[in-house]
Amino acid sequence: MTTKPQPWIFTASCPSRLGTVDVVTRFLAETGNYVLEMQSFDDRELGLFCIRVEFRPERDGFSAEAFNEAFAARAGEFNMEWQLTAPDHRPKVAILVSKYDHCLNDLLYRYRTGQLNIEIPVIISNHPDLESLAQWHGIPYHHLPITADTKPQQEAEVWKLIKQYDAELVVLARYMQVLSADLCSKLDGWAINIHHSLLPGFKGAKPYHQAWEKGVKLVGATAHYVNNDLDEGPIITQGIQPVDHAHYPEDLIEKGQDIERVTLFKAIRYHIEKRVFLHGQRTVVFAD
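Terminal number for the sequence shown in my numbering: 971, no gaps in between.
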């Protein structure tokens, strides 16, 4: 599959004040960089400005180090924090999964075909079921079974693997374990989880069967950052689809899994493309 050329990505945030857009765009123009796409947002409640720019250098010999050094003088006046991401940067993503394979299958396909510009150095699971799928893709698979008594030791091994493989992002692709407060704290802001969004909410065993019994008319999914609030971290993406009386529990499950796949993919892509700005419990997401 042929992939389109990737741009440089500049992202920044700072307190709201006059001239924030100008300081970025003027610097890019003066240093010979052509703006391909730009999005900005000023949060009047937080007094916070966010900007994301895709650009292409027009001059030979572009240097990220020189760019950052020169921009620092401009950014200081605005108390601006920024990040520059190179076109060839492929973040390493560690995937945690249990037995459900729909999200993992989808991510591996998009990884293999270049739809996700990432590396997947490791897959970690509390079950052995999906090892053959990982092996087919040539990805190391670590089976770490867990019980209530061994949870601390198992999570310590999970964390060790995340660090060993230099993961920049952790994805819970239907990892059916509640993470401890300690691990949630370590992963805060750089781990993405996916779960169903049935309206009204149904928790516990067989949520789709509960939903069918109540005659729900909407099913969906939510992808969010992991924190200590179970399934209530800062939201990145959501998907939803109407259903009706003709949909039985197995139909709801099938539709729900389809939505989970797409919603998780979008969340990961937005994260790696630096489209998400995280501030406490709120997110600013520059969707494309």
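Even glycine gets a Cβ: it sits at the ideal position worked out from N, Cα and C. In this text, all values refer to a predicted model and were calculated from it rather than measured experimentally.
7 Å CB neighbourhood of residue i in its chain, flanking five on each side removed
{"i": "V718", "result": "T708, L711, V736, F738"}
{"i": "A888", "result": "none"}
{"i": "V780", "result": "L787, I806, S808, L813, A856, R857, Y858"}
{"i": "V706", "result": "R757, F761"}
Coarse secondary structure for residue i, derived from DSSP in three states
{"i": "K775", "result": "strand"}
{"i": "E933", "result": "helix"}
{"i": "G730", "result": "coil"}
{"i": "F710", "result": "helix"}
{"i": "W819", "result": "helix"}
{"i": "R857", "result": "coil"}
{"i": "S699", "result": "coil"}
{"i": "V945", "result": "helix"}
{"i": "F960", "result": "strand"}
{"i": "H826", "result": "strand"}
{"i": "Y891", "result": "helix"}
{"i": "E741", "result": "coil"}
{"i": "G691", "result": "Sequence check: residue 691 is Trp here, not Gly. Strand."}
{"i": "W873", "result": "coil"}
{"i": "H785", "result": "helix"}
{"i": "E764", "result": "strand"}
Anticipated Cβ contact below 8 Å, residue i with residue j, distance rounded
{"i": "Q837", "j": "I829", "result": "4 Å"}
{"i": "G872", "j": "Y908", "result": "6 Å"}
{"i": "R875", "j": "A970", "result": "Reading the sequence as shown, one finds Ile at residue 875 and not Arg. About 15 Å separates the two Cβ atoms, so there is no contact after all."}
{"i": "V826", "j": "P811", "result": "This sequence places His at residue 826; Val is not what is there. That pair is a contact at about 5 Å."}
Reference residue i, options the options, closest by Cα
{"i": "R958", "options": "K886, C733, T796, H810", "result": "C733"}
{"i": "L816", "options": "G939, R795, F960", "result": "R795"}
{"i": "L862", "options": "W842, L881, I919, H879", "result": "W842"}
{"i": "N716", "options": "A695, P740, V706", "result": "P740"}
{"i": "D743", "options": "M721, L901, T714", "result": "T714"}
{"i": "F693", "options": "H785, T768, E802", "result": "T768"}
{"i": "L947", "options": "L827, Q847, L791", "result": "L791"}
{"i": "I801", "options": "D941, Y953, H810", "result": "Y953"}
{"i": "E728", "options": "A749, M721, S699", "result": "S699"}
{"i": "I778", "options": "G922, T905, Y848", "result": "Y848"}
{"i": "R965", "options": "N910, E840, V945", "result": "N910"}
{"i": "W691", "options": "S880, N751, E915", "result": "N751"}
{"i": "G922", "options": "D865, Q766, R944", "result": "R944"}
6 Å Cβ shell around residue i - same chain, five flanking residues per side excluded
{"i": "F885", "result": "Q893, A894"}
{"i": "Y824", "result": "I806, E814, A817"}
{"i": "H820", "result": "L791"}
{"i": "Q722", "result": "R735, F969"}
{"i": "E655", "result": "In the structure as shown, the chain starts at 684 and stops at 971, and residue 655 therefore has no counterpart that could be examined."}
Cβ neighbours of residue i in the same chain (closer than 8 Å, five flanking residues each side left out)
{"i": "A753", "result": "F710, T714"}
{"i": "K938", "result": "V902, Q924, V926, H930"}
The ligand NAD heavy atom lying under 7 Å from the CB of residue i
{"i": "E937", "result": "Summarising the ligand content, the structure contains no ligands, and the ligand NAD is consequently not present."}
CB contact below 8 Å: residue i versus chain D
{"i": "Y931", "result": "As a matter of chain content, chain D is missing from the structure shown, which is built from one protein chain."}
Mind the definition here: the stretch 881-898 touches the stretch 845-864 only if three or more C-beta pairs lie below 8 Å; say whether that holds.
As far as the Cβ criterion goes, the stretch 881-898 does not touch the stretch 845-864, which means the pair count is below three.
Hey, is the stretch 765-780 in contact with the stretch 838-853, meaning 3+ C-beta pairs nearer than 8 Å?
yes
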